[in-house]
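Quick note, the sequences are listed as chains A, B and C, same order.
This note's numbering applies: residue 2 is where the first sequence begins, and numbers increase by one.
This note's numbering applies: residue 8 is where the second sequence begins, and numbers increase by one.
This note's numbering applies: residue 161 is where the third sequence begins, and numbers increase by one.
We put the CB at the ideal spot given by N, CA and C, even for glycine.
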Amino acid sequence: MSLSRLTAPLYLLASFVPIYWLVGMSMKTNEEILGGFTLWPQSPTLANYVTIFTDPDWSNGYLNSLTYVALNTVLSVLLALPAAYAFSRYRFLGDSHLFFWLLSNRMAPPAVFLLPFFQLYSSIGLFDTPWAVALAHMLFTVPLAVWILEGFMSGVPREIDETAYIDGYGFLRFFVRIFLPLIRSGVGVTAFFCFMFSWVELLLARTLTSVEAKPIVATMTRTVSAAGMDWGVLAAAGVLTLVPGAIVIWFVRDYIAKGFALGRV
Amino acid sequence: MARIELRGIAHAYQAAPRSEEDFALRPLELVWEDGGAYALLGPSGCGKTTLLNIISGLLQPTRGQVLIDGADVTAAPPQARNIAQVFQFPVIYDTMTVFENLAFPLRNRGVDRAEIQARVEEVAALLELTGDLRLRASGLSADLRQRISLGRGLVRKDVAAILLDEPLTVIDPHVKWLLRRKLKQVHEQLKVTLVYVTHDQVEALTLADRVVVMNGGRVVQVGTPQELVERPLDTFVGYFIGSPGMNLLPCIVEDGAVMVEGQRIPLDADVCARARTAGGELRLGIRPEFLRRVAEGSPQALRVEVTQVEHLGRHKLATTRLGEQSLKVRLPEEERLSAGESCWLELPPRWTMLYAGGRAIT
Amino acid sequence: MEKPTNHRAWLLVLPVLLAVSFSAVIPLMTVVNYSVQDILGPEQRVFVGTEWFRKVLRDPELHGALRRQLGFSLAVLALELPLGVALALVLPRHGRLASLALVLLGLPLLIPFNVVGTIWQLFARGDIGLLGVAINALGLEYNYTANALDAWLTVLAMDVWHWTPLVALLCYAGLRAIPEAYYQAARIDGASTWATFRFIQLPRLRGVLTIAVLLRFMDSFMIYTEPFVLTGGGPGNATTFLSQYLTRLAVGQFDLGPAAAFSLVYFLVILLLSYVFYTAMTRTKEAR
Numbered sequence: 002m003s004l005s006r007l008t009a010p011l012y013l014l015a016s017f018v019p020i021y022w023l024v025g026m027s028m029k030t031n032e033e034i035l036g037g038f039t040l041w042p043q044s045p046t047l048a049n050y051v052t053i054f055t056d057p058d059w060s061n062g063y064l065n066s067l068t069y070v071a072l073n074t075v076l077s078v079l080l081a082l083p084a085a086y087a088f089s090r091y092r093f094l095g096d097s098h099l100f101f102w103l104l105s106n107r108m109a110p111p112a113v114f115l116l117p118f119f120q121l122y123s124s125i126g127l128f129d130t131p132w133a134v135a136l137a138h139m140l141f142t143v144p145l146a147v148w149i150l151e152g153f154m155s156g157v158p159r160e161i162d163e164t165a166y167i168d169g170y171g172f173l174r175f176f177v178r179i180f181l182p183l184i185r186s187g188v189g190v191t192a193f194f195c196f197m198f199s200w201v202e203l204l205l206a207r208t209l210t211s212v213e214a215k216p217i218v219a220t221m222t223r224t225v226s227a228a229g230m231d232w233g234v235l236a237a238a239g240v241l242t243l244v245p246g247a248i249v250i251w252f253v254r255d256y257i258a259k260g261f262a263l264g265r266v
Numbered sequence: 008m009a010r011i012e013l014r015g016i017a018h019a020y021q022a023a024p025r026s027e028e029d030f031a032l033r034p035l036e037l038v039w040e041d042g043g044a045y046a047l048l049g050p051s052g053c054g055k056t057t058l059l060n061i062i063s064g065l066l067q068p069t070r071g072q073v074l075i076d077g078a079d080v081t082a083a084p085p086q087a088r089n090i091a092q093v094f095q096f097p098v099i100y101d102t103m104t105v106f107e108n109l110a111f112p113l114r115n116r117g118v119d120r121a122e123i124q125a126r127v128e129e130v131a132a133l134l135e136l137t138g139d140l141r142l143r144a145s146g147l148s149a150d151l152r153q154r155i156s157l158g159r160g161l162v163r164k165d166v167a168a169i170l171l172d173e174p175l176t177v178i179d180p181h182v183k184w185l186l187r188r189k190l191k192q193v194h195e196q197l198k199v200t201l202v203y204v205t206h207d208q209v210e211a212l213t214l215a216d217r218v219v220v221m222n223g224g225r226v227v228q229v230g231t232p233q234e235l236v237e238r239p240l241d242t243f244v245g246y247f248i249g250s251p252g253m254n255l256l257p258c259i260v261e262d263g264a265v266m267v268e269g270q271r272i273p274l275d276a277d278v279c280a281r282a283r284t285a286g287g288e289l290r291l292g293i294r295p296e297f298l299r300r301v302a303e304g305s306p307q308a309l310r311v312e313v314t315q316v317e318h319l320g321r322h323k324l325a326t327t328r329l330g331e332q333s334l335k336v337r338l339p340e341e342e343r344l345s346a347g348e349s350c351w352l353e354l355p356p357r358w359t360m361l362y363a364g365g366r367a368i369t
Numbered sequence: 161m162e163k164p165t166n167h168r169a170w171l172l173v174l175p176v177l178l179a180v181s182f183s184a185v186i187p188l189m190t191v192v193n194y195s196v197q198d199i200l201g202p203e204q205r206v207f208v209g210t211e212w213f214r215k216v217l218r219d220p221e222l223h224g225a226l227r228r229q230l231g232f233s234l235a236v237l238a239l240e241l242p243l244g245v246a247l248a249l250v251l252p253r254h255g256r257l258a259s260l261a262l263v264l265l266g267l268p269l270l271i272p273f274n275v276v277g278t279i280w281q282l283f284a285r286g287d288i289g290l291l292g293v294a295i296n297a298l299g300l301e302y303n304y305t306a307n308a309l310d311a312w313l314t315v316l317a318m319d320v321w322h323w324t325p326l327v328a329l330l331c332y333a334g335l336r337a338i339p340e341a342y343y344q345a346a347r348i349d350g351a352s353t354w355a356t357f358r359f360i361q362l363p364r365l366r367g368v369l370t371i372a373v374l375l376r377f378m379d380s381f382m383i384y385t386e387p388f389v390l391t392g393g394g395p396g397n398a399t400t401f402l403s404q405y406l407t408r409l410a411v412g413q414f415d416l417g418p419a420a421a422f423s424l425v426y427f428l429v430i431l432l433l434s435y436v437f438y439t440a441m442t443r444t445k446e447a448r
């Protein structure tokens, strides 16, 4: 009994060790990192963070990333809401085929789309803008958003819609004023998953940008190869990319279990 | 077969209860006699399920002892208590067959195959499940599922008591009575102690020999269905049982008689004497069906104004006014009566109760 | 209650349809186009039929990548599923501790893929990494940049660290949906912890486990960034999986035709395997 009670804390502790190492390294100088093995920073320094915050390349990368992630999240949820409503409330010609086709896009390896995306967005002049990345990510986030939202919407009894229509509500007013508040947590969970996908993805984000819209994750890989191995700065940049995720997951912590409970097959 | 005794049992869901209010179950003493059929009746949240779970061992009481046949089992886990429990929503092991479901408690206890086979067949016959033994348990109807979960309780030979927690809630109305009859039959054949939790008084009164009425974490009365109807010892029992419930009228005691709205009502002299010394608000209680309509001007009768008459098939229910008080009267359908009239009512002393602070004066 | 038929619902689906078509159909057409042509210059294209497909399917390097990929994906499933289920069983259910545990658990899921690679690069290196130094200190020879097995194991450990939380969270949610009465009945029936798991918890996790298997299979089959940062596919080709091979083909060598043909095969293989998993898992459910 005591063993099983210890398992969870032990796992969480072990899974935190690599992150601790990253944070620790971000507060060491390169001399300390390479000079000898130390378990914690001997003379903690924020110099690596200062380097990042004073270099516009880094801060721009940060902003660029957040821009396309926000664009993607908002667009995905906005587009998915009406579609999910349609799937949860009506039967229509080809509905199930459409649903599975949408989901099958989630199964496409991003690597497959690298080159075509590059050409497509270059030809319409979106290359190297946040829009290119946001639109490309939508291929993966929109099907997911429709799927999650459809699950939440199916949990709302249809009588509510009917009562509202009888009471003289138009579709738009009903949807915004009555329906949306009922699935608020579902919208939150959906936004969380869209954020998660868009924030952690690198391959497409790097391919579809070069200078203007370069995301933080790409800045990291390039700086590493250019400046030799600046371990301290690399670690500090890594720590900074953890922050948005940590904040977001803290806000949705109470909905996580609910969001994942949609495993209905 | 067992006699279950609860000594000073109290339970709070908080780890450190601070006040009386923190207790879901207030200290109580209760004995369940061997082979009795008990109903545990009360509104939602009155502590019925808590009490049941304490008997079965799913809950450890904050205070007090549970004794089964004189042995203290307070600390014993449920599987060591030989008690069967059936829940509100049927619990079925979906991946097993009906047979495997029934055999499950025996297999967990390492009973040998031949005995399992024999016991399962016996219980299946009792519950009319013999034809379904080979079916997968998933996808069966609610009443079948509930019969299986009852069977899992009965299959153990040494079972001391069966506890049922509102087991008919999810059963379709037309099979409810079938299951209830089955349950009664099982009880008569096995002579096992039965505790049946319900908030439905009809279910409680038809199924049980004795009814335990609970309210607000307390046992307010234990008695036969007849006693609960005729002599409710608590105002709660008075209005919770019966439809409509008992009429309760504020009153005072004046020179050996009870006065309601200035009208004199004769009562037993001893009761009146005790009422003068009892603390708490005094109320007079009489059930609508025990009020008698008498001829105009009869001695000791009350004059009331009829405000409403409802027809309920075999009888009619009149709502009347006595001064500021409302009084419901149940009358035979052939009585002629209409709203706006006056009529005269008599309160037979035998059926008239007097309560001080909610408890009956006897 | 049956859903009403309403073909005007198409209007609600239209925005999604257009957006996804724009991002899926046009690029897919491009891929199909490339896969049957030889592109010699901007204006010079020759139709080559199935030549690229035949070439790709016979490519021994691709066979190697596919073998490694299958081995990796199966290892990922074999490790992450039991571990995730076990974790879900022991995570606290109520209170502030539960929230904190969930946040800590979910953290790796929100780290950008290349940062995951970076973290493990820093963590596992034999000279400056805690893990690498610790293993070497135990007297074991460990160097993931030089030894193929070490590299493969490190990528696997990284993936387990990165994705087990997803399986655990799915199962945790599934477990929380089991009504308390099931556990109570099991206690009354004298069921052991194992029997409770086998007959109550596991059957009720079937739905979320199906999702977990599908997601983990698909995503591990597409893994690219993390091993790219950690090992660059090496040493040799030891950790070169399908996506890496494809990117090398398309971007590195600019062999657009074979790369496109390979892309289509790749996509179809994932669809097919996912379909097989899906039907296998839902069919056993129906059979029961």
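Could you tell me whether the Cβ of residue i comes closer than 8 Å to any Cβ of chain C?
{"i": "residue 120 of chain B", "result": "no"}
{"i": "residue 43 of chain A", "result": "no"}
{"i": "residue 81 of chain A", "result": "yes"}
{"i": "residue 178 of chain A", "result": "no"}
{"i": "residue 65 of chain B", "result": "yes"}
{"i": "residue 92 of chain B", "result": "yes"}
{"i": "residue 85 of chain B", "result": "yes"}
{"i": "residue 324 of chain A", "result": "This structure leaves residue 324 of chain A out entirely; chain A is present only between 2 and 266."}
{"i": "residue 59 of chain A", "result": "no"}
For a contact meaning CB atoms closer than 8 Å, what does residue i contact in chain B?
{"i": "residue 252 of chain C", "result": "Ordered by position in chain B, no residue passes the 8 Å Cβ test against residue 252 of chain C, which lies about 16 Å from the chain."}
Taking the alpha carbon of residue i as the point to measure from, which residue in the options has its own alpha carbon closest?
{"i": "residue 289 of chain C", "options": "A/145, A/40, A/247 and A/28", "result": "A/40"}
{"i": "residue 208 of chain C", "options": "C/432, C/417, C/422 and C/400", "result": "C/417"}
{"i": "residue 233 of chain B", "options": "B/217, B/227 and B/224", "result": "B/217"}
{"i": "residue 152 of chain B", "options": "B/124, B/186, B/163 and B/126", "result": "B/186"}
{"i": "residue 199 of chain A", "options": "C/176, C/273 and C/205", "result": "C/273"}
Can you pull the chain C residues whose beta carbon is under 9 Å from the beta carbon of residue i, in chain order?
{"i": "residue 159 of chain B", "result": "345, 348 and 349"}
When the cut-off is 8 Å and only beta carbons count, does residue i lie next to chain B?
{"i": "residue 448 of chain C", "result": "Only weak support exists for where residue 448 of chain C lies, its pLDDT of 42 falling under 50; the coordinates are left without a value."}
{"i": "residue 355 of chain C", "result": "yes"}
{"i": "residue 341 of chain C", "result": "yes"}
Under a Cβ-count criterion, where at least 16 other Cβ atoms within 10 Å of its own Cβ denotes burial, should residue i be classed as buried or exposed?
{"i": "residue 29 of chain B", "result": "exposed"}
{"i": "residue 227 of chain A", "result": "Low confidence applies to residue 227 of chain A: its pLDDT is 48, below 50, so where it sits in the model is not reliable enough to give any reading."}
{"i": "residue 20 of chain B", "result": "exposed"}
{"i": "residue 240 of chain C", "result": "buried"}
{"i": "residue 126 of chain A", "result": "exposed"}
{"i": "residue 413 of chain C", "result": "exposed"}
{"i": "residue 67 of chain B", "result": "exposed"}
{"i": "residue 185 of chain A", "result": "exposed"}
Output, in chain order, the set of chain C residues within a Cβ distance shorter than 7 Å of residue i.
{"i": "residue 101 of chain B", "result": "363"}
{"i": "residue 112 of chain B", "result": "349 and 350"}
{"i": "residue 96 of chain B", "result": "339 and 341"}
Got a sec: is the Cβ-Cβ distance from residue i to anything in chain A below 8 Å?
{"i": "residue 360 of chain C", "result": "no"}
{"i": "residue 286 of chain C", "result": "no"}
{"i": "residue 199 of chain C", "result": "no"}
Run through chain A and tell me which residues come within less than 7 Å of residue i, C-beta to C-beta.
{"i": "residue 215 of chain C", "result": "Here the premise fails: no neighbours, minimum Cβ distance about 18 Å."}
{"i": "residue 437 of chain C", "result": "Within 7 Å Cβ-Cβ: nothing; residue 437 of chain C doesn't reach chain A, min ~11 Å."}
{"i": "residue 237 of chain C", "result": "What residue 237 of chain C touches in chain A: nothing, since even the nearest Cβ is about 16 Å away."}
Please report whether the beta-carbon of residue i lies at a distance below 8 Å from any beta-carbon of chain E.
{"i": "residue 266 of chain C", "result": "The displayed structure is made up of protein chains A, B and C, and chain E is not among them."}
**Message:** So within the segment 158-214 of chain B, which uninterrupted alpha helix (DSSP H) runs reach at least 4 residues, ignoring any that extend past its ends?
**Reply:** Runs of the alpha helix (DSSP H) spanning 4 or more residues and lying entirely within the segment 158-214 of chain B occur at 180-197 and 208-214, in chain order.
**Prompt:** Residue ranges of each alpha helix (DSSP H) run of no fewer than 4 residues wholly in the segment 92-118 of chain B, ordered along the chain?
**Reply:** You should have 105-115.
**Message:** Threshold first: 3 residues or longer. Then list the beta strand (DSSP E) segments lying entirely within the segment 228-289 of chain B, N to C.
**Reply:** Note on the segment 228-289 of chain B: whole beta strand (DSSP E) runs with a minimum of 3 residues are 254-257, 259-261, 264-267 and 270-272, in chain order.
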